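Below is one structure, written out as structure tokens; the observations come after it.
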Amino acid sequence: MLVLGLETTCDETAASIVRRGGDGPGEILSNVVRAQVEEHAAFGGVVPEIAARAHVEALDGVLSAALSRAGVTLRDLDGVAAAAGPGLVGGVIVGLTAAKALAVVAEKPFIAVNHLEAHALTARLTDGIAFPYLLLLASGGHTQLLAVLGVGRYVRLGTTLDDALGEAFDKVAKMLDLGYPGGPEVERRAETGDPERFAFPRPMFGRAEPNFSLSGLKTAVRLEAERVAPLSAQDVDDLCASFQAAVADVVANRVRVAFRMFCERHGAPSAIVVAGGVAANGQIRRALQRVSSEMGARLVAPPLALCGDNGAMIAWAGAERLALGLEDDLSFAPRPRWPL
Ligand code: KG4
Ligand code: ZN
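This is the structure:
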């Protein structure tokens, strides 16, 4: 089964063709991502109107590249999928409308994909893992611990009470003048920093519910930065390293609690899976690796190119839904908010 997937919910314009055989991993025939970093850099964050316009301008080229690199035409497809939310509505409309038009022209089924579900199912595309599994979904807008029981079957074990994990990285980067998006830059600076120089809090540590709270940690970083100012390059490195160490500790602690809760409620998971942009962070991956070994579980972390937003995850989620006979009506409206 060949599916085209379009992603335009935030600041990446992406298109991909993915093949799904039976069970087991899928095959990515093409995966074209056009990031809008330059458009938004001057504003320190994504500007919705600029994002929507950039999607309109980029989509044609991204789509043709995805088709030609895969060596397929619209006629070869079995379905056309687009992320219908959650995300910035102006951008969602661009991808969703394009996918509907392509589906009509090619007379193929149309599938409206939940962007979070696409992150959640990526580990099946890359590693073909079986349900159920424990998922840490950590992106710029979302932080959730989920029991993934099947396609469309998600039980939320924990979430963040304030900022998302990626958002905390982005805000810390902003207060340290490290630009946008902040996660990769904080990680880079942390490499030459001292993780023990600042004793930042580990919020929610030891709590019985696997929830997160990151605003107190973010404030602690701000207060230290103000206390030490003016900041030398080494100060910034040390702040980044100490912040990242606190986040990694918290993630390990929360995932350990979620794992036990999962086992009690659903039996042993087939794996611990991490998805979303924050899954690119090496220190967080290593912390998760330690927890997984401790729990005797397998850790599945998608390759870096599939951690951030991309079209392959949308195409794959579309293929998984299509395989179950789930397709959508062309009247499907964008959903800026769409919890799993
Ligand atoms: O999943 P994603 O590409 O977009 C959505 O938010 O849906 O995630 C982007 C988030 C941003 O907040 C970014 O700062 C964070 O992921 N991120 C990272 C790293 N790379 C990206 N956070 C920590 N370390 C990284 N290496
Ligand atoms: Zn995302």
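If you're matching positions, the sequence shown starts at 1 in full-length UniProt numbering and goes up one per residue. From the three backbone atoms N, C-alpha and C, an ideal C-beta is built for every residue, glycine too. Remember, predicted model here, so these are calculated numbers, not experimental data.
### Task
Write down the C-beta distance between C10 and G95 rounded to the nearest angstrom, noting that I regard them as a contact closer than 8 Å.
To locate residue 10, count along the sequence shown from 1; it is residue 10. To locate residue 95, count along the sequence shown from 1; it is residue 95. No, C10 and G95 are not in contact; Cβ-Cβ is about 11 Å, not under 8 Å.
### Burial state of G242 (16 or more Cβ within 10 Å)
If you number the sequence shown from 1, residue 242 lands on position 242. The residue you asked about is not Gly; residue 242 is Ser in the sequence shown. By the neighbour-count rule (16 or more Cβ atoms within 10 Å), S242 is buried.
#### Entry: Beta-carbon proximity list for N253, same chain, < 8 Å, skipping 5 on both sides
As a working mapping, residue 253 is identified with position 253 in the sequence shown. Correct list, in chain order: R202, M204, F205 and G206.
### Query
Would the C-beta of D309 count as close to ligand 3, meaning under 6 Å from any of its heavy atoms?
Ligand 3 is not among the ligands present in this structure, which contains only ligand 1 and ligand 2.
### Straight-line gap, G21 to M1 (C-alpha atoms, nearest Å)
The residue given as residue 21 occupies position 21 in the sequence shown. The residue given as residue 1 occupies position 1 in the sequence shown. Each residue's Cα considered, the two are about 6 Å apart.
### Task
Would you list the one or two residues that DSSP bridges to L146?
The residue labelled residue 146 in the question sits at position 146 within the sequence shown. Answer is L135 and R156.
### Query
Can you give the beta carbon distance from D170 to G140, rounded, assuming they're within the 8 Å contact cut?
Against the sequence shown, residue 170 aligns to sequence position 170. Against the sequence shown, residue 140 aligns to sequence position 140. The Cβ separation is near 6 Å, so the contact holds.
### Task
Could you name the residues that DSSP lists as bridge partners for I17?
On the sequence shown, position 17 is the one that residue 17 refers to. Bridge partners of I17: L4 and S30.
### Query
Looking at the structure shown, is D309 part of a helix, part of a strand, or coil, going by DSSP?
Counting from one through the sequence shown, the residue named residue 309 turns up at place 309. Reduced to three states, the DSSP call for D309 is coil.
### Extent of the continuous beta strand (DSSP E) run through Q272
As a first step, residue 272 is located in the sequence shown; it is residue number 272 there, counting from the start. Sequence check: residue 272 is Ile here, not Gln. Note, I272: beta strand (DSSP E), I272 to A275.
### Message
Just to confirm the assignment, what range does the beta strand (DSSP E) spanning N253 have?
### Response
Here the question's residue 253 lines up with position 253 in the sequence shown. That residue, N253, is in no beta strand (DSSP E); its alpha helix (DSSP H) goes A233 to H266.
### Query
First and last residue of the beta strand (DSSP E) that includes V46?
One-based indexing of the sequence shown puts residue 46 at position 46. V46 -> no beta strand (DSSP E), and no H or E assigned at all.
### Message
Taking the alpha-carbon of G325 as reference, which of V18, V151 and R222 has the nearest alpha-carbon?
### Response
Along the sequence shown, one-based indexing puts residue 325 at 325. It is V151.
### Query
DSSP puts A112 in a beta bridge; with which residues?
In the sequence shown, the residue the question calls residue 112 occupies position 112. Looking at the DSSP assignment, A112 forms a beta bridge with A82.
### Closest by C-alpha distance to D78, when choosing among F110, S64 and P48
As a working mapping, residue 78 is identified with position 78 in the sequence shown. The shortest C-alpha separation from D78 is found at F110.
### Query
Which whole-angstrom value describes the C-beta separation of G128 and P25, a residue pair presumed to lie in contact below a C-beta threshold of 8 Å?
For this step, residue 128 is matched to residue 128 along the sequence shown. For this step, residue 25 is matched to residue 25 along the sequence shown. That belief holds up - the Cβ atoms of G128 and P25 are roughly 4 Å apart, short of 8 Å.
### Message
Are the CB atoms of L299 and L288 within a distance shorter than 7 Å?
### Response
Numbered from 1 along the sequence shown, position 288 holds the residue referred to as residue 288. Numbered from 1 along the sequence shown, position 299 holds the residue referred to as residue 299. Contact: yes.
### Query
How long is the line joining the alpha carbons of F212 and V250, rounded to whole angstroms?
In the sequence shown, the residue the question calls residue 212 occupies position 212. In the sequence shown, the residue the question calls residue 250 occupies position 250. Taking the straight line joining both Cα atoms gives about 8 Å.
### Query
Under 7 Å, do D237 and R286 count as touching if we go by C-beta distance?
Residue 237 sits at position 237 when you count from the first residue of the sequence shown. Residue 286 sits at position 286 when you count from the first residue of the sequence shown. Cβ distance not < 7 Å, so D237 and R286 don't count as in contact.
### Query
Does the beta carbon of F262 fall short of 6 Å from some heavy atom of ligand 1?
Within the sequence shown, the letter at position 262 stands for residue 262. No, Cβ of F262 sits at least 6 Å from all heavy atoms of ligand 1.
### Message
Using the three-state DSSP reduction, which class does V291 fall into: helix, strand or coil?
### Response
Taking the first residue of the sequence shown as 1, we reach residue 291 at position 291. V291: helix per DSSP, three-state reduction.
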